[in-house]
Amino acid sequence: MNVNEWIGNTFDISDSMAPEQFQKFEALMNGGPDSVGEGLEIPPCGHWIYFNPPIPQADLGINGHERNSDFLPPIDLPRRMWAGGTLKFKKPLKTGIPADKKSTITKIEEKDGKTGRLCFVTIRHQVSSSGAVAIDEEQTLVYREDSEKGAHPIRTKPLDIDPDWRKSTKPDSVQLFRYSALTFNSHRIHYDQDYAREMEGYPNVIVHAPFLVLLMLDAFKSKADGKVISKIQYENLGPVYLGEQITICGKSVDNTKSSLRIHGPEGKLAMKAEIDWGYDW
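In C-alpha cells:
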C-alpha cells in the first residue's frame, strides 16, 4: 500500500471550548482560582486540551493508540511520537466560544535513521473561531521501529545557548496522569510503567512532548511582561523520563525573539524552541 495516497486526507472536529476543561488545565499548570468562566483567553498551545476525539475503547490497540484510523496512514512501524511543530497564533481562542479544527496531511517522508526505519508525517491544523483562523499549526509525527532489547532513546545533543534564566522542575506521575486525562491521551508509554518497561523497553514512562512545550511556555510567561507570543517552533530532541530533573532555560535573541531549551541533569537537550513575542492582539 502506498502511504502517500494519504497526503491530502482531512479530518474536521468542533469543540465547545468548555470553561470547565480550561479550569482543569489551569489547575494542572497551577493557575489561580479565577480561571473559570466564559470569555477567558486560552494561552498559546492550551488548545491541545481541546479537539481530542472520543475514540471507542474497542478501537484502541495494545499501545493505547487507535488501531485503524480513517485519518492517519497505516504506517507499518510500531512506535509513534511527536517530533516537533510550528504554531502561528493569529487571535486568541476563548472559553465558551465554539471553535473548529481542520487537519490535513501535507507530507509523508520515509528515512533511514541510526535506529532503523523512520517515517515522518506532517499535518497542518487550522483552528478557527467566530469565522476567522485563530491558530495555524504544523505538526510532525515520527514513526519508528522497535528498539533492540536493552536499548532505548537517550538525549545526545548538548545545550547550545548561554541562558539568561533557568528554572528546574521534576514532572511527576500525577502531572502525567492529569495531562493524559485532560487530552484523552491513552498512549500507555505516558502512564503505564510496566508496559513502558516490558513492552517498549523504556526505563520508565515518558513525559508527553506537548506537556514539555507547555512547561517551557509557562516558565517563559513571567519574562514576557504580558506580551503575546505570536509564533513558536519546537523540536523534540530526546525523551524525558518520569523522575528526571529537568532544567527549562531561555535566552533573548532580541526584543521580540527568544530561544527556549529543556535539558537534563547531564546537560543534554530534550527539547528546543524558538518563539516570536512582544506583540499585542
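Numbering (our numbering), first residue to last: 740 to 1020. In this text, a Cβ means the ideal position worked out from N, Cα and C, and glycines have one as well.
Alpha-carbon to alpha-carbon, residue j and residue i
i, j, result
"Ser907", "Ala958", "10 Å"
"Asn994", "Gly1017", "7 Å"
"Val967", "Glu937", "44 Å"
"Ile1014", "Leu816", "32 Å"
"Leu921", "Trp745", "29 Å"
"Val913", "Leu954", "15 Å"
"Thr854", "Leu1008", "18 Å"
"Gly852", "His786", "32 Å"
"Ile874", "Gln760", "19 Å"
"Asn743", "Glu848", "9 Å"
"His804", "Lys960", "33 Å"
"Lys846", "Gln932", "33 Å"
"Leu956", "Met768", "11 Å"
Exposure of residue i, with buried meaning 16 or more beta-carbon neighbours within 10 Å
i, result
"Ser753", "exposed"
"Ala797", "exposed"
"Ala838", "buried"
"Arg894", "buried"
"Arg1000", "buried"
"Asn924", "buried"
"Ala948", "buried"
Coil, strand or helix - residue i by DSSP
i, result
"Met1010", "strand"
"Met768", "coil"
"Ala797", "helix"
"Leu687", "Lying before the first or after the last residue shown, residue 687 is absent from the chain, which here runs from 740 to 1020."
Cross-strand partners of residue i (DSSP beta bridge)
i, result
"Leu826", "Glu876 and Ile971"
"Trp1016", "Ile968"
"Asp839", "Ser753 and Ser867"
"Val881", "Met820 and Phe859"
Complete beta strand (DSSP E) runs within the region 891-923 (minimum length 3 residues, chain order): 904-908
Can you give, in chain order, each stretch of the alpha helix (DSSP H) that sits fully within the region 939-965 and has at least 4 residues? 948-960
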